[in-house]
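First the structure, in the form of structure tokens, and then the observations on it.
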Amino acid sequence: MFTSDSIPLQDYLIIASVLFCIGVWGLINSRNAVRVLMSIELMLNAVNINLMAFSAYIDGNLIRGQVFTVFVITVAAAEAAVGLAILISLYRNRTTVDMESFNLLKW
9 MFTSDSIPLQ DYLIIASVLF CIGVWGLINS RNAVRVLMSI ELMLNAVNIN
59 LMAFSAYIDG NLIRGQVFTV FVITVAAAEA AVGLAILISL YRNRTTVDME
109 SFNLLKW
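9 is the number of the first residue of the sequence shown in this note's numbering; add one for each residue after it.
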């Protein structure tokens with residue numbers, strides 16, 4: 009566990025914002041469904057970095073940030089499992105993971 013004396017809070021916030029921006033860029037520009045899921049995971053990891061950094065700098069010895077981080081990791085694991093199951097099902101039917109070819113919900 010890191011303390012507030014070792015690395016400034018701004019460094020963690022910069023790293024998290026860079027990760028979040030990379031995730032948003034990948035989400036917007038990617039046509040591959042697997043890359044979209046990976047971009048969402050990057051965004052969630054950026055949120056985890058923020059939660060842990062603010063927990064260490066504000067709470068001190070309390071574990072509120074760690075509890076929220078474990079909850080976000082659990083939700084991310086469930087999202088990845090459901091997302092990959094849907095992608096495998098779509099790949100078996102369409103033989104592609106291109107996001108432009110998925111128009112199953114269009115009228």
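By construction, the Cβ of each residue, glycine as well, lies at the ideal position given by its N, Cα and C atoms. A quick note: this is a predicted structure, and the numbers were derived from the prediction, not measured.
query, result
"Can you tell which of SER63, ILE94, ALA88 has its C-alpha closest to the C-alpha of PHE76?", "SER63"
"Which residues does DSSP list as the beta-bridge partners of ASN53?", "ASN53 pairs with nothing; no bridge assigned."
"Could you check whether the Cβ of SER97 sits closer than 8 Å to any Cβ belonging to chain D?", "Among the chains in the structure shown there is no chain D, since it carries only a single protein chain."
"Between which two residues does the alpha helix (DSSP H) containing ILE30 stretch?", "17-37"
"Let me know the secondary structure DSSP gives SER40 once reduced to three states.", "The sequence shown places Asn at residue 40, not Ser. Looking at ASN40 - three-state DSSP - the assignment turns out to be strand."
"For the alpha helix (DSSP H) that contains THR82, what are its first and last residues?", "72-102"
"Take ALA89 as the anchor and find which of SER38, MET46, ILE71 has the nearest alpha-carbon.", "MET46"
"Among PRO16, GLU49, ASN37, whose alpha-carbon lies nearest the alpha-carbon of MET107?", "ASN37"
"List the whole-angstrom C-beta distance separating ILE30 from LEU50, where the pair is believed to meet the contact cut-off of C-beta under 8 Å.", "6 Å"
"What distance in whole Å lies between the Cβ atoms of LEU98 and PHE110, which are believed to be in contact at a cut-off of 8 Å?", "6 Å"
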